[in-house]
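Step one of this worksheet: look at the structure below.
There are 2 protein chains.
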Amino acid sequence: MKIIYELIDIVGKENILYDGQEKERFTHIWKTDLPLQALAVVFPTSTQEVAAILKCCSSHKQQVIVHGGLTNLVGATQTQKEQLVMAMDKMNKIEEIDEQTRTLTAQSGAILETLIDAAAEKDLLLPLSFGAKGSAQIGGVVSTNAGGLRVFRYGMTRANVLGVEAVLPDGTIISSLKKVIKDNSGYDLKQLFIGAEGTLGIITKVILRLQEAPTSRCSALVGINDYEKVVRLLKFLEKNLGGLLTGYELMWQATYKAMTSAPSELPPPIDQNYTYYVFIECLGSHAEQDYQRLEELISQALENDLIMDGILAQTERELKHIWQIREDVSVLAALAQFDQHFDISLPISILGKEVDRAMQALEKLPFVECVFPFGHIADGNIHFIVGKSNNTPETKQAINDIIYQNLAQYNGSVSAEHGIGLDKKAYLNTSRSAEEMALMKRIKQTIDPENILNPGRII
Amino acid sequence: MKIIYELIDIVGKENILYDGQEKERFTHIWKTDLPLQALAVVFPTSTQEVAAILKCCSSHKQQVIVHGGLTNLVGATQTQKEQLVMAMDKMNKIEEIDEQTRTLTAQSGAILETLIDAAAEKDLLLPLSFGAKGSAQIGGVVSTNAGGLRVFRYGMTRANVLGVEAVLPDGTIISSLKKVIKDNSGYDLKQLFIGAEGTLGIITKVILRLQEAPTSRCSALVGINDYEKVVRLLKFLEKNLGGLLTGYELMWQATYKAMTSAPSELPPPIDQNYTYYVFIECLGSHAEQDYQRLEELISQALENDLIMDGILAQTERELKHIWQIREDVSVLAALAQFDQHFDISLPISILGKEVDRAMQALEKLPFVECVFPFGHIADGNIHFIVGKSNNTPETKQAINDIIYQNLAQYNGSVSAEHGIGLDKKAYLNTSRSAEEMALMKRIKQTIDPENILNPGRII
């Protein structure tokens with residue numbers, strides 16, 4: 253095909269897979285490993301090549317699907333055989349770590365964990381942290397505005413991005429690469445690309461804000477029987493820990509039991525019979541004082557009946573153990589034949605009763621085997637893993653309908669972190685008004701009139 | 253005029269000034285107090301009225317200039333006699349303070365200080381803080397993405413906005429009013445309106461994120477003779493104060509001298525002969541420990557020759573005194589016949605030598621009487637107040653050219669906080685590329701095809 257030869261001229265034969273070779277690459281969609289369906293896979297090595305590729309695709313009205321680390325959970329990287337895949341794997345350089353300005357500049361194909369480690373070597377913290385960090389590429393992290401475990405203190409990815417370079421569908425390079433925290437010189441264009449799931453432009457380079465690395469880490473696990481006290485404890489700790497509190501994660505009893513019973517190999521640090529379990533993390537700069545402070549507050553919370561039980565991690569091993577219970581949630585998916593994942597957000601004051609309602613309704617469904625709620629409660633963000641005996645569209649929909657039922661009424665979100673992709677499009681209207689969706693479409697049409705870039709995602 | 257009668261039908265006679273009455277209202281442009289030039293001033297009392305007014309204006313292609321608290325410094329509220337002014341003064345209700353979710357919902361005409369006080373009454377902190385807070389309206393604060401004194405820890409206004417309701421030029425109401433920190437359900441439309449200076453929509457309502465109010469405030473003032481040590485001290489304090497550091501403000505010697513000598517009534521807390529003065533603020537939750545921590549670090553900095561001199565505020569009075577020296581900068585403008593203000597940002601590593609260069613060049617200009625640099629150094633944001641003996645366009649331009657000379661080269665910004673408005677349009681290209689400005693224009697044309705909303709601002 254003509255376009256293939258044009259692409260070879262741009263990136264060279266060594267940077268493109270086609271004519272059956274593309275099948276060597278797997279799709280890596282969550283829990284699948286099928287050969288990739290695509291016209292070809294092109295591996296640009298520079299922003300200029302990305303621009304040339306998109307220019308070429310525009311002239312051919314060729315649809316392009318961007319592939320980063322393929323860790324997303326909403327089908328955003330699915331392809332059809334006539335679509336071109338642009339894989340950012342070869343644009344993975346760290347261009348600079350500026351220790352004075354505390355910024356990191358990298359190409360979009362760099363792996364998040366590589367960036368975290370590079371910053372750590374300079375005694376700096378890149379606060380973005382989530383399960384897939386070992387394979388997620390920073391361009392995808394920014395394109396999906398990824399969240400994770402430290403959003404409560406450091407914000408979503410959006411809050412940690414100072415600069416973005418992106419290429420528009422017509423090949424125009426938009427370079428907003430500033431290292432400064434403050435810039436009110438016109439529209440903040442980088443916001444357009446952050447969280448747009450690659451539908452408005454392909455991110456080629458980012459400048460991330462770094463923090464001085466904390467020197468102390470304290471953690472506690474507490475048991476609570478009353479949701480209203482989960483909310484009060486958060487206020488109590490935020491109030492008294494100043495800027496130290498970085499993590500406040502909640503697990504419902506069913507989830508904690510599953511995480512600390514066979515086949516899981518993790519023993520329960522505290523009794524399994526509490527209704528709620530809160531995982532607390534503080535990052536600070538004075539190990540002794542910070543530990544004492546947290547210890548005092550936990551015992552005060554005990555005295556005031558705010559919590560039923562609680563332990564502080566005394567050693568690195570205990571600390572690791574506590575957080576494994578929160579983080580190794582793949583254990584939960586393994587407990588059922590099929591599993592369905594959710595990522596909703598609601599005001600913290602409403603989440604408790606909404607989760608109760610959903611669990612009761614779900615347990616009435618004959619094909620539902622188990623329901624595991626847990627998540628970033630301080631951010632108003634809860635994940636559900638629902639285990640089920642079959643995976644029919646009817647089953648999927650019945651479960652979706654229960655979980656999403658009251659999102660609109662309470663101004664919640666169908667996707668706190670994972671994004672919309674293809675899988676959640678049908679439910680976008682639970683979180684966004686017709687006027688909002690119409691405005692999204694207008695923006696998409698303005699920037700991608702031929703609809704060649706990640707077509708069909710979000711809207 | 254026909255449109256006046258239509259507007260009266262929408263808001264009622266009591267909510268519109270026209271036919272000469274509009275002159276009762278002053279323009280309040282910085283240091284001017286001329287009668288307002290406008291077709292009329294309309295005071296909507298609800299989002300629906302704002303929508304109806306804009307629909308009406310669209311049909312008549314009537315230009316609309318939005319007036320908030322009129323505190324901006326870039327001519328953004330200037331009007332021509334054929335333009336309609338929409339003043340948000342009567343949409344000033346606080347709709348809710350949610351203590352559990354820690355959010356504040358208000359109409360856009362509410363005064364920032366009123367919101368800060370209302371939050372404080374619930375023992376919560378709205379971290380936005382700057383000189384004009386007593387008259388700035390929250391709609392304007394959000395529309396300009398205002399900064400201020402605590403950006404370093406809490407971020408710009410953008411970082412503190414959870415939800416926005418805005419009306420598009422065609423009257424469409426875009427309501428993105430969520431209380432949740434995390435929402436990846438499609439494009440984050442509120443980002444379009446934050447910092448757009450009212451050119452894409454009129455903000456009618458906002459939801460702001462609140463913080464637990466800190467219970468301790470410690471401050472120090474230190475003298476330093478070497479810029480490189482100003483940067484190192486910031487790293488040292490951030491490293492050792494964990495999340496406590498909220499303010500790190502820099503004053504150059506000339507500015508400190510002027511602020512602490514007659515006619516100013518503020519005595520100098522430390523000697524006037526240092527090259528740099530850093531104002532340090534910590535907000536925490538443990539008064540005694542926090543003070544000790546800061547005291548230790550300041551004496552360590554002294555021992556290590558990181559600073560020449562330093563004092564901690566021991567009393568509320570001393571604390572107030574220190575921060576008055578930093579905040580009452582109107583004193584500086586009063587020292588010259590005419591004054592010109594700047595608000596640039598550059599990477600902190602470059603700011604020192606850039607300010608030196610600019611001061612040397614400015615002092616060579618015969619009409620320049622004094623140059624006062626100071627600002628939010630931790631954010632890479634410096635203000636200049638340049639005193640001069642005349643105010644001709646040539647003088648203005650000569651001073652601009654020196655200050656803006658190297659912004660493009662170092663990826664700085666012509667406006668860190670104040671925005672572009674009308675006054676800085678000519679210099680937008682020092683901070684943004686042709687491609688960026690073209691994209692801004694495309695977005696403006698998409699959302700405001702008739703160019704009726706704050707026309708001529710930014711681009």
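Chain order of the listed sequences is X and R. All residue numbers for the first sequence refer to my numbering, where the first residue is 253 and numbers rise by one. All residue numbers for the second sequence refer to my numbering, where the first residue is 253 and numbers rise by one. Don't be surprised by glycine CBs; every beta carbon is placed ideally from N, CA and C.
- Along the region 413-435 of chain X, going in chain order, the ones with a CB nearer than 9 angstroms to a CB of chain R are Gly415, Leu420, Thr424, Ile425, Ile426, Ser427, Ser428, Leu429, Lys430, Lys431, Val432, Ile433, Lys434, Asp435.
- For R:His312, no beta strand (DSSP E) segment is defined; the enclosing uninterrupted segment is the alpha helix (DSSP H) at 299-312.
- In terms of Cβ geometry, R:Leu473 and R:Gly383 do not form a close pair [threshold 8 angstroms].
- One thing to note: X:Val607 has its Cβ no nearer than 8 angstroms to the Cβ of X:Ile651.
- By the beta-carbon neighbour count (other beta carbons within 10 angstroms, threshold 16), R:Tyr529 is buried.
- Cβ contact annotation for X:Leu420 (same chain, cutoff 7 angstroms, sequence separation greater than five): Ile426, Gly453, Ile699, in chain order.
- In this structure, R:Gly632 sits near X:Ile433, with a CB-CB distance shorter than 8 angstroms.
- Close to R:Glu490, with beta-carbon spacing below 8 angstroms, are these residues of chain X in chain order: Gln463, Glu464.
- Closest in alpha carbon position to X:Met408, among R:Ile522, R:Gly391, R:Gly386, R:Asn436, is R:Asn436.
- X:Tyr439 is classed as buried because its beta carbon has at least 16 other beta carbons within 10 Å across all chains shown.
- For R:Asp653, the closest Cβ of chain X is not nearer than 8 angstroms.
- Not a single CB atom of chain X sits nearer than 8 angstroms to the CB of R:Gln552.
- In this structure, the alpha-carbon of R:Gln335 lies about 27 angstroms from that of R:Ala358.
- Listed along the chain, the chain R residues whose CB falls inside 9 angstroms of the CB of X:Tyr500 amount to none; the nearest CB is some 12 angstroms away.
- Look at X:Leu518 here: in three-state DSSP terms it is coil, with no helix or strand label.
- At a cut-off of 8 angstroms between beta carbons, X:Tyr439 contacts chain R.
- Taking a cut-off of 8 angstroms for Cβ pairs, the region 487-502 of chain R and the region 541-556 of chain R touch, as three or more such pairs fall below it.
- With distances taken between CA atoms, R:Glu669 lies nearest to R:Leu380 out of R:Val293, R:Met338, R:Leu380.
- Those residues of the region 387-414 of chain X placed with their C-beta closer than 9 angstroms to a C-beta in chain R are Thr396, Asn397, Ala398, Gly399, Val403, Phe404, Arg405, Gly407, Met408, Arg410, Ala411, ordered along the chain.
- Put simply, of R:Ser641, R:Gln443, R:Leu377, R:Thr527 the residue whose alpha carbon is nearest the alpha carbon of R:Arg354 is R:Leu377.
- Of the candidates R:Glu274, R:Pro515, R:Ala371, R:Pro515 places its Cα closest to the Cα of R:Leu587.
- Unbroken beta strand (DSSP E) runs of no fewer than 3 residues, entirely contained in the region 623-685 of chain X, are found at 633-640, following chain order.
- Under the DSSP definition of a beta bridge, X:Val419 partners with X:Ile425, X:Ile454.
- In this structure, X:Leu429 lies away from X:Leu485, with their beta-carbon atoms at least 8 angstroms apart.
- A residue is called buried once 16 or more other Cβ atoms fall within 10 Å of its Cβ, and X:Asp271, having fewer, is exposed.
- Contact annotation: the region 570-580 of chain R does not touch the region 613-625 of chain R, with fewer than three C-beta pairs closer than 8 angstroms.
- Across the structure, R:Gly321 and R:Ala370 are spaced so that their CA atoms are roughly 19 angstroms apart.
- Classified as buried, R:Asp675 has 16 or more neighbouring CB atoms from the shown chains inside 10 Å of its CB.
- Of the residues assessed, X:Tyr656 falls on the buried side of the cut-off, its CB having 16 or more other CB atoms within 10 angstroms.
- Scanning its chain for C-beta atoms nearer than 8 angstroms, with the 5 sequence neighbours on each side dropped, one finds around R:Leu493 the residues Cys534, Arg545, Leu546, Leu549, in chain order.
- With a beta-carbon spacing of about 12 angstroms, X:Thr467 and X:Ala372 fall beyond the 8 angstroms limit used to define contacts.
- Relative to the Cα of X:Ser387, the nearest Cα in the group X:Tyr406, X:Val413, X:Thr297, X:Ser360 belongs to X:Ser360.
- Chain X has a Cβ within less than 8 angstroms of the Cβ of R:Asn663.
- With respect to the 8 angstroms criterion, X:Ile390 and X:Leu414 are not classified as neighbours on the basis of their beta carbons.
- Between the C-alpha atoms of X:Gly604 and R:Pro519 there is a straight-line separation of about 55 angstroms.
- Counting only the Cα atoms, X:Ile255 lies some 46 angstroms from X:Phe404.
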